[in-house]
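J.: I'd like to ask some things about the structure below.
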Amino acid sequence: MNKHSGNTFRDGIGEIGEKVSIMKPSVYFRWIFTQMTVSTFSGQSIAESIRLLREKRPLVHCLTNEVVQEITANVLLAAGASPAMVVAEEEAPFFAGVAGGLLINIGTPYPARLRAMHSSVDAARSAGHPWVLDPVAAGGIPWRDGIISEFVEKHPDVIRGNASEILALSGTKSGGKGVDSTDSSDAAIEAAERLARKIEGVVCVTGETDYITDGERTIAVKGGHPMATLVVGTGCSLSALVSAFCAITEDRVLATASACALAKKAAEKAIETARGPGSFHNEYLDALYTLQPEDFL
Amino acid sequence: MNKHSGNTFRDGIGEIGEKVSIMKPSVYFRWIFTQMTVSTFSGQSIAESIRLLREKRPLVHCLTNEVVQEITANVLLAAGASPAMVVAEEEAPFFAGVAGGLLINIGTPYPARLRAMHSSVDAARSAGHPWVLDPVAAGGIPWRDGIISEFVEKHPDVIRGNASEILALSGTKSGGKGVDSTDSSDAAIEAAERLARKIEGVVCVTGETDYITDGERTIAVKGGHPMATLVVGTGCSLSALVSAFCAITEDRVLATASACALAKKAAEKAIETARGPGSFHNEYLDALYTLQPEDFL
Amino acid sequence: MNKHSGNTFRDGIGEIGEKVSIMKPSVYFRWIFTQMTVSTFSGQSIAESIRLLREKRPLVHCLTNEVVQEITANVLLAAGASPAMVVAEEEAPFFAGVAGGLLINIGTPYPARLRAMHSSVDAARSAGHPWVLDPVAAGGIPWRDGIISEFVEKHPDVIRGNASEILALSGTKSGGKGVDSTDSSDAAIEAAERLARKIEGVVCVTGETDYITDGERTIAVKGGHPMATLVVGTGCSLSALVSAFCAITEDRVLATASACALAKKAAEKAIETARGPGSFHNEYLDALYTLQPEDFL
């Protein structure tokens, strides 16, 4: 390990220099994680975001799938935000104008919910509030892909997905097995950058390493633990957390990286005492709550 | 602390004398909790309610919001009742005539579910079974406020809400931030009493102290722990527990106070070993299960 | 205890000889569990099924009730399968053709979801994929009974229910209290055998002992712990687990018995450290994850 990389590896966050972005990802990342010495987002920036989250406790309006509503609310509460699931088309757009951030998760879409989602996105955009798209299982089901495209065309502030989903959205290839990724996040970096430029927003591809890009600068957040993939909703609730950080931070790349860094460090703390996915779930929520800004310095 | 207050403070339940109800709540409650010597509901009454709950295991029909269905069922099971979520308009009213108690929670309303709720309320009333209204986020969204009003006009046996919700329902002022209260329960006592007289039922305003009133007598239940507010559904599931106790106890004030006392003591037991909201959730369920009637004596 | 019964009692799985099936169940089972010496499914077979499950990680398409979606996904993930809840009628049948197994759980039916369920069943049958029916609360609500009958007529590969549900489905008698069984599984064996012959599939009646039958051979799986009945969704998620095993094993009786054996052993492991239903839930998920094939030898 490079002697200059101490700080980067301790906080697990580093910027990928544009000059090396022509390398093939797989080669590049073997290199970057032994050589990386540049870090845009210091632990200090992440710590400041977390401090701000807990001070402001932003209200996050979640239109998410049927399976993960409880863990999504609990992740937001544990981390320091305030969740609200206002889902009827009759009231969701009103609430989107009130809440600090909006999450649209396409895990279990159906017509009435989709109408609520679209009107909420429109209301959030009118109010100037950020919204995050979680394109669950993109590339796997034709009907759903059409739905997701309609949301992508509305320029989400952030898209958060796994590698298979981001690859599918960028048109590179379709993949995934149900809601699980069959691709490594490393393989989706170029796709993410291309997609980010297209939506003029931020794309976050999560996996063993999370990559956050606005199409120009790309940040890597390392860490976490694969046990998180055995608890349903850890990915979906991360998208909600991204929305919470976006509600308090203008810099969407920093906001998204802060959410990823908090989730990964919480997973690392959780695995210290977890004996399986059941205890991991609780330890993860406990860690989101007990982690302090200074733990990221 | 007053030497006569031992029992009251041990079980945390006391009646507020009507003679002092002209005092401003904030002043009054500072006084009542240092001076209170009157206790209508002895720990003995609460213990007897809990004993009866576990003997009868009442079937509680829950029409609640999308986010909290699992914790609601688990809270009822742990405490000693039997939950059932029969939600389609085609079958909900039939089931409301069979179940011992009914919960109507307006957390995620939409037209089909609202039709099921209304017909279930009508069926429960025809059968003479108690029903509890949880007016989630009352005062926050105009469309929802219209919906909640329609249920209030059907005279719920009990309304259980936080201070912002009860204040909004009584017309005092609107408040709340999403589903969270921004007001102290102490500030909502008069509003609760007025609302109770209007519905000719019981109103329970929960918070640091829970107040239960039928408009004439008002009971305070102290205790609990704020960590409960970081677990989604602890309030919503308390409303289900109120419905369970109402199914076995004619005295609705005692039934509601018993539910509050059980929930608060379970929270106190949970916090002894919880390290955050994840472990608190489980410890809370464990405590609802392990607490015995004699723990309230 | 019979000296030959060691292996049977260690793995808790034994076949009920047809020759004794004319005995009254209650008498018969007192006998069988002290005398049983025949075991078709050795621990070896169960172990092999579990090994195969983890190797293949089958994708299970779950159309289940609103209350238990999270625990159902988490049980599948912990055990080694891959859950997906694709619920809209517009996409569910497409996905049923892709997934390895399908679960239909009638816990909270309503028209749109029922259309998705029917078209998914049709798609799974066309693709030759197994599907499992969980007839929640059969016998309790007339409208629901009509719905369940329509699915029974489509010949599920497996029906998994409690004794009251299986008795109701076989026309023996209706029972149950909401979603809970009021009958012992022992009392439903003949009903299960009759129903299995009718659907030309497998019927699994769960309880203190689980019985799995194709109408000709009947397997008993003993063990487990009643605390599981205080966690909502342990039964529903077992049906999902049955679907997962059916996706990788042609022998539906073995597949179903493997799911039951895994669930029962996980419950036994969970109760060792659980202090109530909250901690049991997590310990159960941890045990599903940590149990290894060799634990069944």
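Residue numbers (the numbering used here), protein chains in the order written: chain A, 1 to 297; chain B, 1001 to 1297; chain C, 2001 to 2297.
Where a beta carbon is used, it is the ideal one built from N, C-alpha and C, also for glycine.
Can you give me the C-alpha to C-alpha distance between B:Leu1167 and A:Ser119, rounded to a whole angstrom?
T.: By 1-based counting over the second sequence, the position of residue 1167 of chain B is 167. By 1-based counting over the first sequence, the position of residue 119 of chain A is 119. Roughly 30 Å between the two C-alpha positions.
J.: Residues of chain C with a CB under 7 Å from the CB of B:Pro1093: which are they?
T.: Translated into positions along the second sequence, residue 1093 of chain B becomes position 93. Under the 7 Å cutoff, chain C gives no residues; its nearest Cβ is about 10 Å from B:Pro1093.
J.: Name the chain B residues whose beta carbon is nearer than 8 Å to that of A:Asp134?
T.: Start at 1 with the first residue of the first sequence, and residue 134 of chain A comes out as number 134. Per Cβ cutoff of 8 Å: no residues; A:Asp134 is ~17 Å from chain B at best.
J.: Listed from N- to C-terminal order along the chain, which residues in the stretch 2265 to 2281 of chain C have their beta-carbon within a distance smaller than 9 Å of any beta-carbon of chain B?
T.: Under the 9 Å Cβ criterion, the stretch 2265 to 2281 of chain C contributes Ala2274, Arg2275, Gly2276, Pro2277, Gly2278, Ser2279, Phe2280 and His2281.
J.: Could you tell me which whole beta strand (DSSP E) segments of length 3 or greater appear in the stretch 2120 to 2168 of chain C?
T.: Complete beta strand (DSSP E) runs here, min 3: 2131 to 2134 and 2158 to 2162.
J.: Could you pull the start and end residues of the alpha helix (DSSP H) that C:Asp2295 belongs to?
T.: Within the third sequence, residue 2295 of chain C is the residue found at index 295, counting from 1. Taken as a continuous stretch (DSSP letters only), C:Asp2295 belongs to no alpha helix (DSSP H), as it is neither H nor E.
J.: Any heavy atom of the ligand MG closer than 7 Å to the beta-carbon of C:His2129?
T.: Among the components of this structure there are no ligands whatsoever, and the ligand MG is therefore not found.
J.: In angstroms with no decimal places, state the Cα-to-Cα distance between C:Leu2103 and C:Thr2064.
T.: For the purposes of this step, residue 2103 of chain C is identified with residue 103 of the third sequence, where counting begins at 1. For the purposes of this step, residue 2064 of chain C is identified with residue 64 of the third sequence, where counting begins at 1. If I take the Cα positions, the gap works out to 7 Å.
J.: With distance defined between alpha-carbon atoms, name the residue in B:Asn1162, B:Gly1043 and B:Leu1133 nearest to B:Glu1150.
T.: The sequence position of residue 1150 of chain B within the second sequence is 150, counting from 1. Residue B:Leu1133 is the option with its Cα nearest to B:Glu1150.
J.: Note the first and the last residue of the continuous alpha helix (DSSP H) segment covering C:Leu2238.
T.: On the third sequence, residue 2238 of chain C is found 238 positions in, with the first residue counted as 1. Segment Thr2234 to Cys2246, the alpha helix (DSSP H) holding C:Leu2238.
J.: Would you identify the three-state DSSP class for B:Thr1218, choosing helix, strand or coil?
T.: Locating residue 1218 of chain B in the second sequence gives position 218, counting from the first residue. Strand.
J.: Does the stretch 2237 to 2256 of chain C come close enough to the stretch 2206 to 2215 of chain C that 3 or more CB-CB pairs lie under 8 Å?
T.: Short answer: they touch.
J.: Which residue from B:Gly1223, B:Ile1248 and B:Ser1237 puts its Cα closest to that of B:Val1067?
T.: Position 67 of the second sequence, counted from the start, is the residue given in the question as residue 1067 of chain B. Measuring from the Cα of B:Val1067, the nearest candidate turns out to be B:Ser1237.
J.: May I have the straight-line CA-CA distance separating B:Ser1042 from B:Leu1241, to the nearest angstrom?
T.: Taking the second sequence and counting its residues from 1, the one referred to as residue 1042 of chain B is at position 42. Taking the second sequence and counting its residues from 1, the one referred to as residue 1241 of chain B is at position 241. The alpha-carbon atoms of B:Ser1042 and B:Leu1241 are separated by roughly 19 Å.
J.: Check the Cβ of C:Val2087 against every Cβ in chain D and list those closer than 8 Å, keeping chain order.
T.: No chain D is part of this structure, whose protein chains are labelled A, B and C.
J.: Rounded to whole angstroms, what's the CA-CA distance from A:Val121 to A:Pro93? Just pull it up for me.
T.: Walking along the first sequence from the start, residue 121 of chain A turns up at place 121. Walking along the first sequence from the start, residue 93 of chain A turns up at place 93. Going from the Cα of A:Val121 to the Cα of A:Pro93 covers about 8 Å.
J.: Given 8 Å as the limit, is there contact between the stretch 2152 to 2170 of chain C and the stretch 2106 to 2115 of chain C, that is, 3 or more CB pairs closer than that?
T.: No: fewer than three Cβ pairs fall under 8 Å.
J.: What is the DSSP secondary structure of C:Pro2109, counted as helix, strand or coil?
T.: Here residue 2109 of chain C corresponds to residue number 109 of the third sequence, with the count starting at 1. C:Pro2109 falls in the coil class under three-state DSSP.
J.: Is there a C-beta anywhere in chain C that falls below 8 Å from the one on A:Val152?
T.: Taking the first sequence and counting its residues from 1, the one referred to as residue 152 of chain A is at position 152. No, A:Val152 lies away from the interface with chain C (no Cβ there is under 8 Å from its Cβ).
J.: Roughly how many angstroms lie between the CA atoms of A:Met23 and C:Phe2245, to the nearest whole one?
T.: Looking up residue 23 of chain A in the first sequence gives position 23. Looking up residue 2245 of chain C in the third sequence gives position 245. Interpretation of A:Met23 is limited by its pLDDT of 37, a score under 50 that renders its predicted location unreliable; no figure is taken from the coordinates.
J.: For B:Glu1057, which residues from the same chain have a beta carbon less than 8 Å from its beta carbon, with the 5 sequence-adjacent residues on both sides left out?
T.: Taking the second sequence and counting its residues from 1, the one referred to as residue 1057 of chain B is at position 57. With the sequence shown as reference, residue 1057 of chain B is identified as Arg, and Glu is not the correct amino acid for it. Same-chain partners within the cutoff: Gly1080, Ala1081 and Ser1082.
J.: Would you mind stating whether C:Leu2052 and C:Thr2249 have Cβ atoms separated by less than 8 Å?
T.: Translated into positions along the third sequence, residue 2052 of chain C becomes position 52. Translated into positions along the third sequence, residue 2249 of chain C becomes position 249. For C:Leu2052 and C:Thr2249, yes; Cβs fall inside 8 Å.
J.: Using a cut-off of 8 Å between C-beta atoms, extract the partners of B:Trp1143 located in chain A.
T.: Numbered from its first residue, the second sequence carries residue 1143 of chain B at position 143. Those are Ala88, Glu90, Glu91 and Phe94, listed as they occur along chain A.
J.: Once the 5 residues before and after C:Val2087 are set aside, which same chain residues still bring their CB inside 8 Å of it?
T.: Translated into positions along the third sequence, residue 2087 of chain C becomes position 87. If we look at C:Val2087 and ignore the five residues flanking it on each side, its Cβ neighbours are Leu2063, Arg2113 and Ala2116.
J.: Starting from the beta carbon of A:Val232, find every residue of chain C whose beta carbon is closer than 8 Å, and list them in chain order.
T.: Counted from its first residue, the first sequence places residue 232 of chain A at position 232. Those within 8 Å of A:Val232 in chain C are Glu2070, Ala2073, Asn2074, Leu2077 and Pro2083.
J.: For C:Gly2146, count neighbouring Cβ atoms within 10 angstroms of its own Cβ and tell me buried if that reaches 16, exposed if not.
T.: Counting from one through the third sequence, the residue named residue 2146 of chain C turns up at place 146. C:Gly2146 should be labelled exposed.
J.: Mind checking whether C:Gly2235 and B:Tyr1289 have CB atoms under 8 Å apart?
T.: Here residue 2235 of chain C corresponds to residue number 235 of the third sequence, with the count starting at 1. Here residue 1289 of chain B corresponds to residue number 289 of the second sequence, with the count starting at 1. No.
J.: Starting from A:Ser82, trace the beta strand (DSSP E) in both directions and tell me its first and last residue.
T.: Along the first sequence, one-based indexing puts residue 82 of chain A at 82. Element bounds for A:Ser82: Ser82 to Ala84.
J.: With 8 Å set as the bound, which would you pick, yes or no: does the beta-carbon of B:Leu1285 sit closer than that to a beta-carbon of chain C?
T.: For the purposes of this step, residue 1285 of chain B is taken as the residue at position 285 of the second sequence. True, the Cβ-Cβ gap to chain C drops below 8 Å.
J.: Quick check on C:Ala2261: buried or exposed, where buried means 16 or more other Cβ atoms within 10 Å of its Cβ?
T.: As a position in the third sequence, residue 2261 of chain C is number 261, starting the count at 1. C:Ala2261 comes out buried.
J.: What residue from B:Glu1153, B:Ile1148, B:Ala1187 and B:Ile1189 has the CA that sits closest to B:Arg1125's CA?
T.: Translated into positions along the second sequence, residue 1125 of chain B becomes position 125. Comparing Cα-Cα distances from B:Arg1125 to each of B:Glu1153, B:Ile1148, B:Ala1187 and B:Ile1189, the minimum goes to B:Glu1153.
J.: Which whole-angstrom value describes the C-beta separation of A:Leu230 and A:Ala78, a residue pair presumed to lie in contact below a C-beta threshold of 8 Å?
T.: In the first sequence, counting from the first residue as 1, residue 230 of chain A sits at position 230. In the first sequence, counting from the first residue as 1, residue 78 of chain A sits at position 78. 19 Å between Cβ atoms; not a contact.
J.: Which residue comes first and which comes last in the beta strand (DSSP E) that contains B:Val1060?
T.: Here residue 1060 of chain B refers to the residue found at position 60 of the second sequence. Taken as a continuous stretch (DSSP letters only), the beta strand (DSSP E) holding B:Val1060 covers Leu1059 to Leu1063.
J.: What distance in whole Å lies between the Cβ atoms of B:Ile1106 and B:Ile1148, which are believed to be in contact at a cut-off of 8 Å?
T.: Residue numbering aside, residue 1148 of chain B sits at position 148 when the second sequence is read from its first letter. Residue numbering aside, residue 1106 of chain B sits at position 106 when the second sequence is read from its first letter. That pair is a contact at about 6 Å.
J.: Quick one: using the 10 Å Cβ neighbour count with 16 as the cut-off for buried, is A:Gln44 buried or exposed?
T.: Along the first sequence, read from residue 1 onward, the residue named residue 44 of chain A stands at position 44. It counts as exposed.
J.: Cβ closer than 8 Å: which chain C residues qualify as neighbours of B:Tyr1289?
T.: For the purposes of this step, residue 1289 of chain B is taken as residue 289 along the second sequence, with counting starting at 1. Going along chain C in sequence order, the residues near B:Tyr1289 (Cβ under 8 Å) are Leu2230, Gly2276, Pro2277 and Gly2278.
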